[in-house]
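K.L.:
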Amino acid sequence: MAKLVSLRGKCLETFPQMVVRFITIPRAMKSSKRGRERLRPSVSDSQPKKGYNESELLNPDFSKGDDAHWKHKLSQLNDFMKDLQKKVKLAEEMKKQEAHRQTLGLENEFVVSKIEEDASHVYKELSSSESNTLQIGGSEANDLSSIILSASQQVDSVLPKELVARINDDNLVLNSLLNSRNRNWNAIIDRLYRTTDRLKGIPKTEIHSKFLDNVKGLSFENIERLDKMLTESFGSGVEFDLGMYETIFINLSHLNPSRNDKQRIIQMMFKLIARYDAIKEQSNFTLSQKVLNSCLLFSKGISSFENMNAFLTKFKEDYGIYPNKHNYTMIIQFYVKSGLTEKAWAAFDTMKFLSLEHKPDVRTYNAVINICCKERNYAKAIDLFQEMNDFKVDPDEITYTSMAKTLAACSADSIVSEGKADSLRLMGWKYIHLLQNNFKTVNESKKTSYEYAAVEAMMALAAYDGDVAMARALYHRYITAVYKANLAKAQAYEEDKINYQRVWQKSLSPQLFNYLMLAYSKWSRGRLPILSGYEEGARLRHSILNSIDYLGRLDADEGIFTGLPMLPLAELFNESQILSESRAMWQFNLEFGGTVQLRSIPVQEAEIAFNSFARSANNFSEFKFKVMNQIAKWKMTLVNHRILNSSNLNTFLTIPLRLGDKKEFLLRFEEFVYQEQNLDKMLLQLYDSMKSLPEGEASIIRNNIESNISSFEKQMDPKIEYLASMKHKLLASSPIYELKIKLASKFRDIDLATTTWKERGDFRKSSPFQALSISERKHSDTRFACAMVEFFTSSGMYNDALAVVLSSQRHIKWTYSMVKPLHIELKRIEDTSSARKLLEVVNKKSPIQKIDDQIKNLL
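When we follow full-length UniProt numbering, the leftmost residue of the sequence shown carries the number 1, and every step to the right adds one.
1) By a C-beta neighbour count over all protein chains shown, 10 Å radius and 16 as the cutoff for buried, is R38 buried or exposed?
2) Taking the alpha carbon of N182 as the point to measure from, which residue in L192, S209, E840, N214 has its own alpha carbon closest?
3) Can you give me the start and stop residues for the alpha helix (DSSP H) that Q577 sits inside?
4) If you count every other CB in all the chains shown that lies within 10 Å of the CB of G35, and 16 or more means buried, which is it?
5) Suppose the cutoff is 8 Å on Cβ atoms and the five residues either side in sequence are ignored; what does the same chain contact list for H641 look like?
6) Could you pull out every residue in the same chain whose Cβ sits closer than 6 Å to the Cβ of L297, ignoring the five residues on either side in sequence?
7) In chain order, what residues of the same chain lie with their CB nearer than 7 Å to the CB of V842, ignoring the 5 residues before and after it?
8) Throw me the rounded Cβ distance for the F610 and M682 pair, which I believe falls under 8 Å.
9) Per the DSSP calculation, L731 is bridged to which residue(s)?
10) Specify, as a first and last residue, the run of the alpha helix (DSSP H) that M818 falls within.
11) Any chance you could list the beta strand (DSSP E) runs of at least 3 consecutive residues sitting entirely within the region 188-245, in chain order?
12) According to the neighbour-count rule (16 or more other Cβ atoms, all chains shown, within 10 Å of its Cβ), is P768 buried or exposed?
13) Specify the secondary structure class of G249 as computed by DSSP and reduced to three states.
14) Cβ of W504 less than 8 Å from any chain B Cβ?
15) Along the alpha helix (DSSP H) that carries G537, what are the first and last residues, could you check?
16) Assign H811 to one of three DSSP states: helix, strand, or coil.
17) From what residue to what residue does the alpha helix (DSSP H) around T637 run?
18) Between the Cα of P718 and those of I432, L686, K746, L461, spot the shortest distance and give me the residue it belongs to.
19) Contact check, L802 vs L838 under 8 Å by CB: the rounded distance?
20) Between residue 864 and K633, is the Cβ-Cβ spacing less than 8 Å?
21) When the Cα of N629 is compared with those of S543, A724, E536, which residue comes out closest?
22) What's the call for I741, buried or exposed, on a 16-neighbour Cβ count within 10 Å?
23) Quick check: what's the CA-CA separation for K844 versus V805?
24) Around the C-beta of M788, are 16 or more other C-beta atoms found within 10 angstroms, so that it is buried, or is it exposed?
25) Ends of the alpha helix (DSSP H) at P656?
26) Output needed for L487: all residues of its chain with C-beta closer than 6 Å, excluding positions within five of it in sequence on either side, in chain order.
27) Along the chain, where does the alpha helix (DSSP H) that runs through P510 open and close?
28) Report the residue from Y450, F385, L474, T448 whose alpha carbon sits nearest the alpha carbon of M459.
29) Looking at the unbroken alpha helix (DSSP H) that takes in residue 862, where does it start and where does it end?
30) For E221, is the classification buried or exposed, using 16 other Cβ atoms within 10 angstroms of its Cβ as the cut-off for buried?
31) Could you pull out every residue in the same chain whose Cβ sits closer than 6 Å to the Cβ of G380, ignoring the five residues on either side in sequence?
32) Less than 6 Å between C-beta atoms, sequence neighbours within five positions excluded: which residues of the same chain meet that for E591?
33) Alpha carbon to alpha carbon, how far is S766 from L739?
34) Going by beta carbon distance, what residues of the same chain come within less than 6 Å of Y478, once the five residues before and after it are set aside?
35) DSSP three-state call for Y322: helix, strand or coil?
36) Have a look at D422, E451, T755 and flag the residue whose alpha-carbon is nearest the alpha-carbon of Q436.
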């Protein structure tokens, strides 16, 4: 493995626009705002310094001024250029938006001018303080005839003149095709399909060079129309050439499967291939690599192993077209996504033994390193990283972050890490330092994904290390920056009132939030973080922690206050602070950044709705369907279910479990978890009670509810309240029952264990459990049985623990690591008979092994 580079003695440069943009130096609360302003750096990334004179800045007088004066002027010039770049970028985005919203009207000079503006024109507009007139190509903006002529010349390069004449709508053509970054070919195909001649009579060379080579982003309906127009003009035989096939296949491959009928798209692909097979002998071309790429890309998008395998076999056997390097990488990524890791490794090994053209590139290595992360195989990941160096494959940003995440994940498992968890996390941080050193500047197009990957890797290392301070700082820094960026876009493009709920939904990350919750759960009093143990890591940690303003003073100065409910402390010092902040952050994320109230559905509203459902339903099943449908509507509008998922909920419940707060665990369980058997019982009781209520009395109660809410609140029906809270509850799963058993073991609570045992038994009879595969059910039962054995062992109930092992040996393959604590206790109390029985189960041989032993004895 390449020697890890030390940054000792160098200036630590953290990730651009992510970690260190400015440093907040803590001051006493009585300090003035002016004092805080003096402590800020002179150049801010988010807002250029105001007060400079543009004409003086762009035309300086070099005859006066000392070094300090010109340094100050240079700083002002940097601020001015940053301000200018932001305005240019905003103007380009506004131009794209304008092309969608308005037609090209001659009455609005600004709209016309924005079509032709580029960076130099924007520069003239922004830097000129004397005139607001836009200069376009040396003429004034009001020269509309030259603008329209220029626009028409641009359109002629992407669409034949004959087609423009047939469409006979210049405004439609200009609006659809003038913006080269976002052309609307659907409108062109739709209008062209409605003409009489369509594509007839147009030379094939012009069809390709000025039409088909540019067409993209078509809907499925317009793809079918394009195919029909081409077959009308050129037939379905040899005249329907390779370029036409490629255009149709490429457009099919980029369709969104969630918005289209997957089967219809696949059928059209096979129909086109069958059409080619019919004329293959007479044609002078064969289907190309682009066609195979398109077929594989769509198969990957719909996660269809059967279709991908069918396309690969077809192209290999019938056309002699084999997957190239990019195809293999796509196939490996598909296998990883589908959980077919063995096939992914086989494909990767195949690539290495093919020609140099198939040699794995950095994207391929990144894909297999992700497999190592899933399989918790850090040794293989390190070997792959060394292999990249040996084969001269330069790692990219994703490679370093994937290595860090893999080492972090492996450090969480004591068996996988082999007692070297701290060493693995330390090595993970070294990859982060390499990332900082090798990628000080990042391509603008990759910046967003790079920043997220870097933050995710750093939060993973901090979370598994229990470094709450580092995880909090990274989360605060990243989410605040993303929220501000999304809010700025909303302010620029939303004419009506800003939808803050949607802004927060785009800004909050489920993965990063889970790492934050994991860090809370692994917090330990007095533990020294890995980063604090060496100089380079200590500098990194110190710079990140000091760059966060938990009080929001800088946000208030900018007029944007995110309001993350974190304690105004760089580090948390006790269990109560951890529990309080984790609860507040959980609520904040579920409520879309506090824009809604988690309990905003009043029981009164639910009572009226459920009573109506009971009256109109013909049976209980219909009533249950209507109630669950209403709850689903509340879920969609009132709770952020990107955050409220089973993974985050398990981590959220683990926090009080590891911190030893039984009451908090049970409160969280009751508030955010429901069990199917309880739900059905509540629904049935509510249905019976409402159905048996006379219609006249029901109307009186409904009127009382609507007219006198305060008196009704004093008599809330527990069943209504429970069902109204279903919008923010998740169904109890096997991992949650395991957490309850671990809680019972921690406090040796026999009643809690008995209740959980019974609830888990009822859960095994439920439809969600029965829907699992046999292997998943077996794995779930094995984990719960191990948790029960652990509980009985910790409670001194050794016979009960042994009974669980003996009664389940036909269904569970017990290993010594699963029963080691029980065996140690049995030896301690000198219960040799029970210890022997336990070892017989653990060392139980298969029938084949027993036959082999008998044969050896006979010999």
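Ideal Cβ placement from N, Cα and C applies to all residues, glycine included.
P.N.:
Checking against the coordinates, here is how it stands:
1) Only weak support exists for where R38 lies, its pLDDT of 36 falling under 50; the coordinates are left without a value.
2) Taking only the C-alpha atoms, the option nearest N182 is N214.
3) In the DSSP assignment, Q577 falls within the alpha helix (DSSP H) that extends over 575-590.
4) Residue confidence for G35 is low, a pLDDT of 39 falling below 50, so the modelled location carries little weight and cannot support an answer.
5) If we look at H641 and ignore the five residues flanking it on each side, its Cβ neighbours are K635.
6) Only residues of its own chain outside the window of five on either side were considered, and among them S253 have a CB closer than 6 Å to the CB of L297, listed in chain order.
7) Correct list, in chain order: W814, T815, Y816, V819.
8) With a Cβ gap of about 11 Å, F610 and M682 do not count as contacting.
9) Residue pairing by DSSP places L731 opposite Y674 in a beta bridge.
10) Here the alpha helix (DSSP H) through M818 covers 816-828.
11) Those beta strand (DSSP E) runs which fall completely within the region 188-245 and span 3+ residues do not exist here.
12) Classification for P768: exposed.
13) Note on identity: in this sequence residue 249 is Phe, with Gly being the wrong assignment. It is helical.
14) The structure shown contains no chain B, having only a single protein chain.
15) For G537, the enclosing alpha helix (DSSP H) begins and ends at 535-545.
16) If DSSP states are grouped into helix, strand and coil, H811 belongs with coil.
17) In this chain, the alpha helix (DSSP H) harbouring T637 covers 620-638.
18) Nearest C-alpha to P718 among I432, L686, K746, L461: L686.
19) So it is a contact: roughly 6 Å between Cβ atoms.
20) Nothing about residue 864 can be reported from this structure: the residues present for the chain run from 1 to 859 only.
21) Closest in alpha carbon position to N629, among S543, A724, E536, is A724.
22) Per the 10 Å Cβ criterion, buried.
23) Roughly 12 Å separates the two Cα atoms.
24) Its Cβ being crowded by 16 or more others within 10 Å, M788 is buried.
25) Per DSSP, the continuous alpha helix (DSSP H) segment holding P656 begins and ends at 646-659.
26) For L487, where only same-chain residues beyond five positions count, the Cβ hits under 6 Å are V503.
27) From DSSP, the alpha helix (DSSP H) with P510 extends over 510-521.
28) Measuring from the Cα of M459, the nearest candidate turns out to be L474.
29) Since the first residue of the chain shown is 1 and the last is 859, residue 862 is not available in this structure.
30) Result: exposed.
31) It should be noted that the sequence gives Lys, not Gly, for residue 380. Answer for K380: C372, listed in chain order.
32) The residues are L598.
33) Those two C-alpha atoms are separated by around 19 Å.
34) Take Y478, set aside five residues on each side of it, and the residues of its chain with a beta-carbon closer than 6 Å to its own are V455, in chain order.
35) Three-state result, Y322: coil.
36) Measuring from the Cα of Q436, the nearest candidate turns out to be E451.
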